[in-house]
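One structure is given here, and the rest of the page talks about it.
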């Protein structure tokens with residue numbers, strides 16, 4: 043392996059390892075644990091997520107302030123445990139974290155389902171566009187003498203384009219949370 047390849051491999055390894063940390067060393071040293079907890083709460087992170095921060099910060103000799111983190115996380119969960127947040131979670135294709143109260147989860151469910159419908163159509167449209175691309179690629183490869191195959195593919199392209207338009211129109215209904 044050449045010198046440049048070794049340097050590149052080491053650099054890539056450092057990037058991968060650094061991206062695994064739950065928190066940057068700068069944030070560990072800054073020690074604003076209430077803010078770190080707040081951000082974790084807004085992301086619906088588990089009560090034991092602080093342990094990941096503890097492992098990451100131990101490398102720079104910092105211990106998280108658990109009471110401050112918990113207070114921040116509680117405030118963050120107030121933002122997370124809302125229908126508007128649930129809609130965005132569904133729209134990303136994620137699941138609602140189970141750290142909200144039963145009442146909050148009940149209020150969040152319709153918004154989550156609304157967002158999940160948008161995500162479903164997004165994936166469906168993406169798959170249809172991939173199918174359309176495949177059909178168009180086959181049409182380009184056909185010889186001019188193969189009119190029957192070209193006609194069949196042209197009809198298939200038309201059907202896929204129609205399904206895309208129909209799905210896009212249905213997806214619009216889920217483009218935002220009306221609540």
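In our numbering, the protein residues as written are 43 to 221. Yeah, the Cβ is synthetic: ideal placement off N, Cα and C, and Gly gets one too.
Distance between residue j and residue i (C-alpha atoms, nearest Å)
i, j, result
"residue 116", "residue 132", "22 Å"
"residue 64", "residue 93", "10 Å"
"residue 212", "residue 199", "20 Å"
"residue 60", "residue 82", "The predicted position of residue 60 is uncertain, since its pLDDT is 42 and thus under 50; no value can be drawn from it."
"residue 98", "residue 75", "14 Å"
"residue 120", "residue 86", "10 Å"
"residue 144", "residue 182", "56 Å"
"residue 53", "residue 95", "Reliability fails at residue 53, whose pLDDT of 46 lies under 50, so the model's placement of it is uncertain and no value is given."
"residue 215", "residue 155", "12 Å"
"residue 176", "residue 168", "13 Å"
"residue 187", "residue 180", "14 Å"
Of the listed residues the options, nearest to residue i (C-alpha basis)
i, options, result
"residue 66", "102, 80, 184, 88", "102"
"residue 209", "179, 163, 149, 193", "163"
"residue 112", "205, 207, 141", "141"
"residue 178", "87, 138, 95, 192", "192"
"residue 128", "153, 146, 110", "153"
"residue 84", "78, 118, 114, 90", "118"
"residue 207", "166, 78, 146, 122", "166"
"residue 77", "185, 106, 188", "106"
"residue 68", "80, 187, 100, 89", "100"
Own chain, CB closer than 7 Å to residue i, minus 5 neighbours either side, in chain order
i, result
"residue 135", "161"
"residue 158", "132"
"residue 108", "92"
"residue 221", "125, 153"
"residue 79", "110, 111, 112, 113, 114, 115, 118"
"residue 146", "123"
"residue 217", "160"
Residues near residue i in its chain [Cβ-Cβ closer than 8 Å; skip 5 each side]
i, result
"residue 104", "70, 71, 73"
"residue 205", "170"
"residue 150", "123, 124, 125, 127, 128, 138, 142"
"residue 184", "191, 192, 195"
Distance between beta carbons of residue j and residue i, contact taken as under 8 Å
i, j, result
"residue 173", "residue 138", "31 Å between Cβ atoms; not a contact."
Contacting residues, own chain, Cβ-Cβ under 6 Å from residue i (five flanking each side not counted)
i, result
"residue 110", "75, 76"
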